[in-house]
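One structure is given here, and the rest of the page talks about it.
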Ligand SMILES: Nc1ncnc2c1ncn2[C@@H]1O[C@H](COP(=O)(O)OP(=O)(O)O)[C@@H](O)[C@H]1O
Ligand SMILES: [Mg+2]
């Protein structure tokens, strides 16, 4: 369980505008709580304060104000030695992997184990060589990279490098994994495979994961809860299903829109393509729905009931947290009165109907 209470972090006099120094308010009064075993995403544009916020969780960045409570313990109040021990329970994964280039895969992963790893989490003697080797193999097996044990980072693909980064972060058996843009340097397919790995680790190990990203697809793929960050503040947070099905803020709507094809319709309308040229008895509309509504069944019912034609131009249906969510772009054709009644009927069934264009 991670609890941040009213975290503020200001970089004093670090910015400059017209040659005058000014403070940068990287994180402003942020509170959030991440449940045990959750995958929690923080999304925002570059400069929003995400990295600063996530670095406050393990006090790599010490907040000016606020409380950082991990499993009931306020990290701000710990002695240096206690903080060092608590930090071992918090692994971290970076966008650019941060591997030692002169060490092999095994050497990179062994590094934190050799000097720090104690099975009971206490400080003490160096781990023995066989114990280290056993643990390294275990970790490489977990991330599916045993065959690269003796390779050097330069001999690995980006996705493989990140697997090493994840294995290293897991070396001390942490209960929390912080990922700062862990998939941002990877191509989309590799990014998906790393996200799948994180999800699997979350499920198998019960590890709590905090993911920082500027890509909504990452949130959609694996997170249970998410927060939207803008100019140092959290402007919206909730379950990922709620965020996608009912975004409250414009910035959240903009982010969710990036993961849907439905916005193509705006381009098509602007270009005035044949697809969007309507006859006088037609209406172009967007139907958005989520949860239990199965709109295809509603469409055939409505068509018969109101004697209208419903022509689906395209659609985008997704499953988020095991619930369907999506939308359709539809041309409705029929008598004016029947069209109005049809749209009212859909609204009554919990479908959001927006008219995009009248014929
Ligand atoms: N160590 C630092 N010193 C001065 N300014 C910083 C430092 N780290 C971050 N910042 C500034 O804080 C703001 C938030 O940065 P950051 O947390 O890295 O955002 P994000 O990760 O969302 O891109 C930015 O304006 C950035 O320039
Ligand atoms: Mg960042």
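Numbering (the working numbering), first residue to last: 75 to 433.
The C-beta atom is built at its ideal place from N, Cα and C for all residues, glycine as well.
Secondary structure note for residue 215: its alpha helix (DSSP H) is the uninterrupted segment 203-216. Every residue with a CB closer than 5 angstroms to a heavy atom of ligand 1 is listed here in chain order: 85, 88, 98, 100, 120, 121, 122, 123, 124, 125, 126. In this structure, the straight-line span from the alpha carbon of residue 75 to that of residue 130 is close to 15 angstroms. 7 angstroms or more divides the Cβ of residue 318 from the Cβ of residue 326. In this structure the region 131-140 does not lie against the region 216-223, because fewer than three pairs of beta carbons, one per stretch, are closer than 8 angstroms. Residue 318 carries a helical assignment under DSSP once its states are collapsed to helix, strand and coil. Taking a C-beta distance under 7 angstroms as the contact criterion, residue 426 and residue 374 do not qualify as a contact pair. Membership of residue 353 in any alpha helix (DSSP H) is not indicated, and neither H nor E is assigned to it by DSSP. The bridge partners DSSP lists for residue 358 are 405, 431. According to the DSSP assignment, residue 383 belongs to the beta strand (DSSP E) that extends over 383-394. Out of 409, 338, 310, the CA that lies nearest to the CA of residue 355 is found in 409. For residue 287, the closest alpha carbon among the candidates 242, 352, 127 is that of 127. Assignment of residue 103 by DSSP, reduced to helix, strand and coil, places it in the strand class. Straight across, the Cα-Cα distance linking residue 149 with residue 289 is about 30 angstroms. One thing to note: residue 251 has its Cβ no nearer than 7 angstroms to the Cβ of residue 296.
Proximity of the region 170-189 to the region 111-126 falls short of the contact definition, fewer than three beta-carbon pairs being nearer than 8 angstroms. Scanning 293, 188, 154 for the CA closest to the CA of residue 245 turns up 188. Counted as a single uninterrupted DSSP element, the stretch harbouring residue 420 is not any beta strand (DSSP E) but the alpha helix (DSSP H) occupying residues 410-422.
Residue 254 is bridged by DSSP to 168, 286.
Around the beta carbon of residue 182, 16 or more other beta carbons sit within 10 angstroms, so the residue counts as buried.
Residues of the same chain with a CB within less than 6 angstroms of the CB of residue 333, apart from the 5 flanking positions on each side, are 290, 291, 294 in chain order.
Take the alpha-carbon of residue 402 and the one of residue 101: they are about 38 angstroms apart. Separation of the CB atoms of residue 300 and residue 117 is rounded to 6 angstroms, and the pair is thereby assigned contact status at 8 angstroms. Here residue 209 is buried. Its C-beta has 16 or more other C-beta atoms within 10 Å.
Contact between the region 379-388 and the region 407-423 is present: three or more C-beta pairs spanning the two stretches fall below 8 angstroms. Approximately 5 angstroms separates the beta-carbon atoms of residue 353 and residue 433; this is inside 8 angstroms, confirming the contact. Assignment of beta-bridge partners to residue 363 by DSSP yields 400. Shown here, residue 326 sits in a helix according to DSSP, grouped into three states. About 16 angstroms separates the beta carbon of residue 393 from that of residue 113, a gap too long to meet the 8 angstroms contact definition. Listed in chain order, the non-local C-beta contacts of residue 162 below 6 angstroms within the same chain comprise 246, local neighbours out to five positions each way being set aside. DSSP lists no bridge partner for residue 126. Collapsing the DSSP output to three states places residue 75 in coil.
With fewer than 16 other Cβ atoms from the protein chains shown falling within 10 Å of its own Cβ, residue 322 counts as exposed. In this structure, the beta-carbon distance from residue 142 to residue 256 does not fall below 7 angstroms. Secondary structure of residue 80 (DSSP, three-state): strand.
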